[in-house]
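Enquirer: Just so you know, we're using this note's numbering here: the sequence shown kicks off at 31 and counts up by one.
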Amino acid sequence: MIAYAEALRRVLDRSRLLEMESCSPADARERVLAMPIQAACALPLFDNAAMDGYALASAGGTLRAGGEFRVAGVIVAGGPIPAGTSGAAWEITTGACLPDGFDCVAALENTERLDDGRMRLLADVSPGQNVRRRGSDLMPGEPIALPGQRVEPALCMALAALGVERVEVRRRPRVAILSTGSELVADPSLPLEPGKIRAANAPYLEASLRAFGAEVVTSLTLDDDPAIFAAELQRVAVQADLVLSTGAVSMGRHDFVPASLESIGARLLFHKVGIRPGKPLLAAMLADGPLMIGLPGNPLATAAGFRFFVVPALRAMLGMAQESPLHARLSVASDRRAGLRHFLKARVDHDTHGLLRATLLDGQESFRMAPLLKANAWAVLPNDVDETPDEAMIDVLPLDPGGKWDFG
Ligand code: AMP
Ligand code: MG
31 MIAYAEALRR VLDRSRLLEM ESCSPADARE RVLAMPIQAA CALPLFDNAA
81 MDGYALASAG GTLRAGGEFR VAGVIVAGGP IPAGTSGAAW EITTGACLPD
131 GFDCVAALEN TERLDDGRMR LLADVSPGQN VRRRGSDLMP GEPIALPGQR
181 VEPALCMALA ALGVERVEVR RRPRVAILST GSELVADPSL PLEPGKIRAA
231 NAPYLEASLR AFGAEVVTSL TLDDDPAIFA AELQRVAVQA DLVLSTGAVS
281 MGRHDFVPAS LESIGARLLF HKVGIRPGKP LLAAMLADGP LMIGLPGNPL
331 ATAAGFRFFV VPALRAMLGM AQESPLHARL SVASDRRAGL RHFLKARVDH
381 DTHGLLRATL LDGQESFRMA PLLKANAWAV LPNDVDETPD EAMIDVLPLD
431 PGGKWDFG
């Protein structure tokens, strides 16, 4: 058995950075950037009116209330931009370009239109007032996004405003799933014979992988037959960047995954990690290249293995930084065996002072799915003590594999 930190290091060392590809900003949504992006032009593109009103040329001094100006015409957003006419005012709509030499806008409600085609100021207007200056939001060359960052709606907005047509992103990780267990029935329309159960791990992994932006290239449910497993492993190895298996990694007579790996010449990185749930987890390099992670069959061991091994591996493949946990105060003391790093289903919420508080949920055994339905976090308890006292600060990670918190 090796410590979690060492096991994770071995997995990350073998998580190969994926190639990049280019796509449109619309298709880049939730993809991971492979190159930095800089603003190619200024935003706003030109000096424009922040309000409906009258554009004026201040000549550097405040225009006083009571001043009257001839109205030279109307400038609408997107319409033609007239040459500035000195001494005049232009009626202007929000977003319309100011004529050369015009540098302020009197808001419509602070003006009065006179019968003779002139307008009067009802309030002072200072130079630059109600004008959005060219480049005051972004200047050309200004960095707007970094490699490893996911393309979120906010970035889509900026990319569109800047007229970006293509962005460089990492190729989606291709993942193959092999679920082992002669007791498993994957098709929900089939009846269950006595002793059989519905296969739950692959749907969990598939949903989590898709939510993360990975592609599931294949997902097979296999009987406990070492030869079939070995053959399928070799077949999927050539299609995938990462192979996940579930089940058959413990010590029982049907726990054949380690022997199957050996039979096809795979190189074991480790088998058994000091974690709970998920202690029998293993990782290997398949002969054809891809990393393989053997998750234990208990659904919650699969879930913990996914969150604490597979997600970090995918992040490394995508060039993303690893997550930093938040720190929350533990509500109730927890008594867990030292020597193992415990991953516990938890609710993390804000207390009355707005500080984070973690409540460990009842029923942490690795067959129980019900607590996962209530959890919004994984709490990580230190592995060097038997008891973590209440009010201790502990590490917490969001349940969401994408790393977003839901404190709802
Ligand atoms: P194993 O790791 O193969 O010894 O499986 C441990 C436990 O998890 C057993 O009770 C299995 O029936 C159960 N199990 C294994 N795979 C799945 C699965 N895909 N869905 C639900 N339960 C599973
Ligand atoms: Mg099994």
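Heads up, the beta-carbon is just placed ideally off N, CA and C, and yes, glycines get one too.
For clarity, every value in this text was computed on a predicted model and none was experimentally measured.
Looking at the secondary structure, which residues open and close the beta strand (DSSP E) in which R40 lies?
Expert: No beta strand (DSSP E) contains R40, which is instead part of the alpha helix (DSSP H) from Y34 to D43.
Enquirer: Expressed to the nearest angstrom, what Euclidean distance is found between the alpha-carbon atoms of V273 and S45?
Expert: 12 Å
Enquirer: Identify whether Q68 lies in helix, strand or coil by the three-state DSSP scheme.
Expert: strand
Enquirer: Specify the secondary structure class of S290 as computed by DSSP and reduced to three states.
Expert: In the structure shown, S290 sits in a helix (DSSP, three-state: H, G or I).
Enquirer: Let me know if K375 comes out buried or exposed under the rule of 16 or more other beta-carbons within 10 Å of its beta-carbon.
Expert: buried
Enquirer: Whether or not the stretch 326-346 and the stretch 35-43 are in contact is what I'm after, with contact meaning three or more pairs of Cβ atoms, one per stretch, closer than 8 Å; do they touch?
Expert: yes
Enquirer: Locate the beta strand (DSSP E) running through A113, then write down its first and last residues.
Expert: A113 -> no beta strand (DSSP E), and no H or E assigned at all.
Enquirer: Measure the C-alpha to C-alpha separation of K404 and R377 and round it to an integer number of angstroms.
Expert: 7 Å
Enquirer: Secondary structure at K375, three-state DSSP: helix, strand or coil?
Expert: Strand.
Enquirer: Is there at least one non-hydrogen atom of the ligand AMP closer than 6 Å to the beta-carbon of E213?
Expert: Shortest gap from the CB of E213 to any heavy atom of the ligand AMP: under 6 Å.
Enquirer: Could you check whether the stretch 84-93 touches the stretch 132-152, counting it as contact only if at least three pairs of C-beta atoms, one from each stretch, sit closer than 8 Å?
Expert: Under the Cβ criterion (8 Å, minimum of three pairs), the stretch 84-93 counts as touching the stretch 132-152.
Enquirer: Count the other C-beta atoms from every protein chain shown that fall within 10 angstroms of the C-beta of T382, then say buried if there are 16 or more, exposed otherwise.
Expert: Classification of T382: exposed, given that the 10 Å Cβ count is below 16.
Enquirer: Skipping 5 residues on each side, what residues in its chain have a beta carbon closer than 8 Å to that of E98?
Expert: L144, R148, M149, R150 and L151
Enquirer: Do T248 and A206 have their beta-carbon atoms positioned less than 7 Å apart in this structure?
Expert: yes
Enquirer: For the beta strand (DSSP E) holding A191, just list the boundary residues, first then last.
Expert: Run containing A191: none in the beta strand (DSSP E); it sits in the alpha helix (DSSP H), P183 to L192.
Enquirer: Can you give me the C-alpha to C-alpha distance between P221 and R228, rounded to a whole angstrom?
Expert: Spanning the two alpha carbons is a distance of roughly 10 Å.
Enquirer: What is the C-beta distance between H301 and L312, in whole angstroms, given that I count them as a contact (C-beta under 8 Å)?
Expert: Their Cβ separation, rounded to whole angstroms, is 4 Å, which keeps H301 and L312 in contact under 8 Å.
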